[in-house]
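Shown next, in structure tokens, is the structure this report addresses.
Number of protein chains: 2
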Amino acid sequence: MGDVNETTEFLPTTAYAVLGLLSFGEGLSGYELRQRALGSLRFFYWSPAQSQIYRELRRLEAQGFVAPQRVEQQDRPDKTVYRLTASGRSELVRWIESSPIDPPVIKHPAALRLFFGHVVSGERRHEILSNHMDNVEDVLGELEALTVGLDDDERVQLARAVSGWAVSIYRGDLRGAGAVASALDADPVSMR
Amino acid sequence: MGDVNETTEFLPTTAYAVLGLLSFGEGLSGYELRQRALGSLRFFYWSPAQSQIYRELRRLEAQGFVAPQRVEQQDRPDKTVYRLTASGRSELVRWIESSPIDPPVIKHPAALRLFFGHVVSGERRHEILSNHMDNVEDVLGELEALTVGLDDDERVQLARAVSGWAVSIYRGDLRGAGAVASALDADPVSMR
DNA sequence: GCCAGCATGTAAGGAGTTACATGATTAT
DNA sequence: ATAATCATGTAACTCCTTACATGCTGGC
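Top line first, the protein sequences correspond to chains A and B.
Quick note on my numbering: the first sequence kicks off at 1 and runs consecutively.
Quick note on my numbering: the second sequence kicks off at 1 and runs consecutively.
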């Protein structure tokens, strides 16, 4: 009979990711938002499909959290950049202040497959591992590039810190993968 | 003009998680599958909603990858356990053998919020961090319990190895979180 | 001339969620 | 009594994805 609804409702996380990317002051188009997500959020969150970004922008505009502004460009197609409104900023603050901090969720294709690795050959198990380690090395390389790309501006201190955090996580992954590889060599699992 | 469709189609990952859980030989009900997912897959993949499990079971049964078997119980409600069929096992093998090993995706609520942390106070930033670190300590505790719970049976070697892998990742997270905390203390970020 | 990047969108569908409903048994 | 666990399911909805479509500009 009438939920108390103690915790206020929030928009989906994607919406706050967009608001957050706009909170640095720049006006960004849907296209540019996608690039930013691919270039940074991807490493510790994920990156939404392009169509999803436009969808969120429409919703945020309807709510008054972002305001569109047409920008004419002579060298490229015109674009619509969005800016964070005052109420958009409050909404972002409200989310960061009061939304619950859930534990991280790791979607780990390699670990999932290896967990069921008893149904395949030892060769395939090693292949999965080395394949995965290559992936993670790549990610670490891109993260490196990202950190270097950030200037020493005060406003990117947090971005830099969070990038370093992601590096720690991926390094932990790499360390664990190495341990798994050793374990598989030391004590071969028979295939069943 | 007719896509080549070079990579054969696969079912959604959830379906293979179910097949994988059944590949250890036990017949499991939807309810039990949910428990298994919560108890292990959760740490390196995620855990599907209960309704999703039943949905996948129906699809897998329709495809002939699992076979239902009614089990009457006197102490508890009867249940339907599902067993992996031969073709279900081949399908699982096919997936592990030939599906691409994508890089891991980390959904990290704390890092995402801190990335936009310049809009909130230093107190809230620290709160997010410590809140997150508590979460991860909890997860590590549960992973510990999981590893202890596994006997020395050969068939759980891989499960044990993968659990250890997850531990490495979460420890990397903790290490990174500590570094972020120090960085915030050393060089306070002004709120904007 | 054509492809790559910029820029925005629609359409269709799938995966996954929450909430609800039912009913049995066991423990408090 | 009633709460908790076991066990299964439906209904409604949302997020998100893939695929497609359009058109412009710049470089090879």
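We treat Cβ as the ideally placed atom computed from N, Cα and C, and that holds for glycine.
| query | result |
| --- | --- |
| Sequence-distant residues of its chain with Cβ nearer than 8 Å to threonine 80 (chain A) (five each side left out) | Ser29, Gly30, Pro68, Gln69, Arg70 and Val71 |
| Member of A:Pro48, A:His126, A:Val167 and A:Arg83 whose CA lies at the smallest distance from the CA of leucine 60 (chain A) | A:Arg83 |
| Bounding residues of the beta strand (DSSP E) (the contiguous stretch that carries glutamine 69 (chain A)) | 66-71 |
| N- and C-terminal bounds of the beta strand (DSSP E) containing isoleucine 101 (chain A) | It is not in any beta strand (DSSP E) - isoleucine 101 (chain A) carries neither H nor E in the DSSP assignment. |
| Opposing strand residues paired with serine 80 (chain A) [DSSP bridges] | It is threonine, not serine, that sits at residue 80 (chain A) in the sequence shown. In DSSP, threonine 80 (chain A) forms a bridge with A:Arg70. |
| Assumed close pair aspartate 138 (chain A), proline 104 (chain B) - CB separation to whole angstroms, cut-off 8 Å | Rounded, the Cβ-Cβ distance is 12 Å, inconsistent with contact. |
| Alpha-carbon spacing of alanine 183 (chain B) relative to proline 109 (chain B), whole angstroms | 19 Å |
| Alpha carbon of arginine 34 (chain B) to alpha carbon of glutamate 154 (chain A), nearest angstrom | 47 Å |
| Same chain only: Cβ atoms within 8 Å of leucine 143 (chain A), ignoring 5 sequence neighbours per side | Phe43, Ser163, Ala166, Val167 and Tyr170 |
| Inter-residue spacing [alpha-carbon to alpha-carbon] between glutamate 123 (chain A) and alanine 37 (chain B) | 27 Å |
| Residue range of the unbroken alpha helix (DSSP H) whose run includes methionine 133 (chain A) | 122-149 |
| Within chain B, partners of aspartate 200 (chain A) - CB distance below 8 Å | Absent from the structure is residue 200 (chain A), since the part of chain A shown begins at 1 and ends at 192. |
| For arginine 55 (chain B) and histidine 126 (chain B), the rounded distance between their alpha carbons | 41 Å |
| Reference glycine 20 (chain A); option with closest CA among B:Ala177, B:Leu11, B:Ala62 and B:His118 | B:His118 |
| Reference arginine 175 (chain B); option with closest CA among B:Phe116, B:Met133 and B:Trp46 | B:Met133 |
| Given aspartate 187 (chain A) as reference, the closest of B:Ser87, B:Val180 and B:Leu158 once Cα atoms are compared | B:Leu158 |
| Closer than 9 Å at the beta carbon, the chain A residues around glycine 164 (chain B) | Gly176, Ala179, Val180 and Ala183 |
| Extent of the continuous alpha helix (DSSP H) run through aspartate 153 (chain B) | Careful: aspartate 153 (chain B) lies outside any alpha helix (DSSP H) and carries neither H nor E. |
| Isoleucine 128 (chain A) and arginine 113 (chain A) closer than 9 Å at C-beta | yes |
| Cross-strand partners of leucine 28 (chain B) (DSSP beta bridge) | B:Tyr82 |
| Identity of the residue in B:Glu26, B:Ser87, B:Glu91 and B:Ala86 nearest proline 12 (chain B) by Cα | B:Glu91 |
| Contact list for histidine 108 (chain B) against chain A, beta-carbon separation under 7 Å | Phe44, Tyr45 and Pro104 |
| Contact set between phenylalanine 65 (chain A) and chain B, taken where Cβ atoms lie within less than 7 Å | Neighbours of phenylalanine 65 (chain A) on chain B: none; closest Cβ ~13 Å, over 7 Å. |
| Closest by C-alpha distance to alanine 145 (chain B), when choosing among B:Gly88, B:Arg160 and B:Ile53 | B:Arg160 |
| is_contact[alanine 145 (chain A), chain B] using C-beta, thresh 9 Å | no |
| Reference valine 18 (chain B); option with closest CA among B:Ala62, B:Gly149 and B:Val66 | B:Val66 |
| Glutamine 63 (chain B), DSSP secondary structure in three states | coil |
| Inter-residue Cα distance where the pair is glutamate 226 (chain B) and alanine 111 (chain A) | With chain B represented from 1 up to 192, any question about residue 226 (chain B) goes unanswered, as that position is not in the structure. |
| Cβ neighbours of threonine 85 (chain A) in the same chain (closer than 7 Å, five flanking residues each side left out) | Gly64, Phe65, Val66 and Ala67 |
| Under 8 Å by beta carbon: chain B residues contacting glycine 39 (chain A) | Neighbours of glycine 39 (chain A) on chain B: none; closest Cβ ~12 Å, over 8 Å. |
| Chain-ordered chain A contacts of serine 23 (chain B) [CB-CB under 8 Å] | Phe116, His118 and Val119 |
| Three-state secondary structure (DSSP) of tyrosine 170 (chain B) | helix |
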